[in-house]
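Read through the structure below, which is laid out as structure tokens, and then see the notes.
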Amino acid sequence: MHTLCVYCGSRLGSDPAFAAAAGELGSICARKGIDIVYGGGRAGLMGTLAEAALAAGGRVIGIIPQFMEGLELAHPGLTRLEVVNTMHERKHRMATLADAFVALPGGIGTLEELAEILAWRQLALHHKPVGLLNTNGFYAPLLHFLNSMGSSDFLPSAMVSELQVAPSAEELLQRLG
Ligand code: AMP
2 MHTLCVYCGS RLGSDPAFAA AAGELGSICA RKGIDIVYGG GRAGLMGTLA
52 EAALAAGGRV IGIIPQFMEG LELAHPGLTR LEVVNTMHER KHRMATLADA
102 FVALPGGIGT LEELAEILAW RQLALHHKPV GLLNTNGFYA PLLHFLNSMG
152 SSDFLPSAMV SELQVAPSAE ELLQRLG
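Just so you know, the sequence shown maps onto residues 2 to 178 in my numbering.
Given below as structure tokens:
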């Protein structure tokens, strides 16, 4: 894997384990020579991830829409910051650059990005692996819902079985190959 796309919260969340996991993923990627592509923000887990990777000598590419850059939400010290016109363009660019995708804990923005990349995989628009970093069981309710979609025959069972889920960054990266 050369480039990993990371979706995560623009807030830190209530459990300090979330920021610890984001930092751990950032530094492990740097150590393994894996570039990170993410939304380019400096707040929350997004900022924690970027700072940890940069501090460990890694490369971090941010893709941010113009309106967010104008609000000074971008991280100022990234290896490369690409400013795009729209949110849709941002997600498309992130997906193009990445070889694999992971979602860390986050809110509705993270959920939307994860759902889109899974939907694109279902439509065979890409065949890249997708993983969930299930820090302290954060994603258990979503996994339960996805399984329920499967048993209700709305989701191919492969969509759930192919989703890589791990409690730690190290294990998740191993599963993504
Ligand atoms: P959320 O999971 O709702 O915190 O959203 C994370 C995603 O929302 C990011 O990938 C961005 O698309 C976007 N986003 C929301 N707030 C910010 C912010 N302050 N800075 C950068 N991106 C943000």
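For each residue, glycine too, the CB sits at the ideal point set by N, CA and C.
As the structure is a computational prediction, the values presented were derived from the model and not from experiment.
Quiz prompt | Alpha carbon of V85 to alpha carbon of L55, nearest angstrom | solution = Against the sequence shown, residue 85 aligns to sequence position 84. Against the sequence shown, residue 55 aligns to sequence position 54. Computed Cα separation, rounded: 22 Å.
Practice problem: Quick one: measure Cβ to Cβ for G14 and L46, integer angstroms, because I've assumed they're closer than 8 Å. | Solution: As a position in the sequence shown, residue 14 is number 13, starting the count at 1. As a position in the sequence shown, residue 46 is number 45, starting the count at 1. Between L46 and G14 the Cβ distance is about 7 Å, and since that is below 8 Å, they are a contact.
Practice problem: Would you mind reading off the limits of the beta strand (DSSP E) that contains G63? | Solution: Numbered from 1 along the sequence shown, position 62 holds the residue referred to as residue 63. According to the DSSP assignment, G63 belongs to the beta strand (DSSP E) that extends over V61 to P66.
Quiz prompt | Between the CA atoms of K129 and M2 - distance to the nearest angstrom | solution = Residue numbering aside, residue 2 sits at position 1 when the sequence shown is read from its first letter. Residue numbering aside, residue 129 sits at position 128 when the sequence shown is read from its first letter. Cα to Cα, M2 sits roughly 10 Å from K129.
Quiz item: Taking the alpha-carbon positions, what's the S153 to F146 distance?
Solution: Position 152 of the sequence shown, counted from the start, is the residue given in the question as residue 153. Position 145 of the sequence shown, counted from the start, is the residue given in the question as residue 146. Each residue's Cα considered, the two are about 10 Å apart.
Exercise. Count the other CB atoms, across all protein chains shown, that sit within 10 Å of the CB of R32; report buried if there are 16 or more and exposed otherwise.
Key: Working through the sequence shown from its first residue, we reach residue 32 at position 31. With fewer than 16 other Cβ atoms within 10 Å, it is exposed.
Exercise. Answer yes or no: do G40 and L82 have a C-beta to C-beta separation smaller than 8 Å?
Key: Numbered from 1 along the sequence shown, position 39 holds the residue referred to as residue 40. Numbered from 1 along the sequence shown, position 81 holds the residue referred to as residue 82. For G40 and L82, no; Cβs fall outside 8 Å.
Quiz prompt | Three-state class that DSSP yields for R176 in the structure shown | solution = Reading the sequence shown from its first residue, position 175 is the one you call residue 176. Taken through DSSP and simplified to helix, strand or coil, R176 comes out as helix.
Quiz item: My guess is that T136 and P106 are in contact by the Cβ rule of under 8 Å, so how many angstroms apart are they, rounded?
Solution: On the sequence shown, position 135 is the one that residue 136 refers to. On the sequence shown, position 105 is the one that residue 106 refers to. Confirmed, Cβ separation roughly 6 Å.
Exercise. Please indicate yes or no: does the CB of A74 lie closer than 7 Å to some heavy atom of the ligand AMP?
Key: Position 73 of the sequence shown, counted from the start, is the residue given in the question as residue 74. In the sequence as displayed, the identity of residue 74 is Leu instead of Ala. True, at least one ligand heavy atom lies under 7 Å from that Cβ.
Practice problem: Could you tell me which of G27, M95 and E117 sits nearest to G58, measuring between CA atoms? | Solution: Locating residue 58 in the sequence shown gives position 57, where the first residue counts as 1. The residue with the shortest Cα to Cα distance from G58 is G27.
Practice problem: Pick out the complete beta strand (DSSP E) segments inside the region 105-167, 3 residues or longer, and give them in chain order. | Solution: Qualifying beta strand (DSSP E) stretches, in chain order: 131-134 and 165-167.
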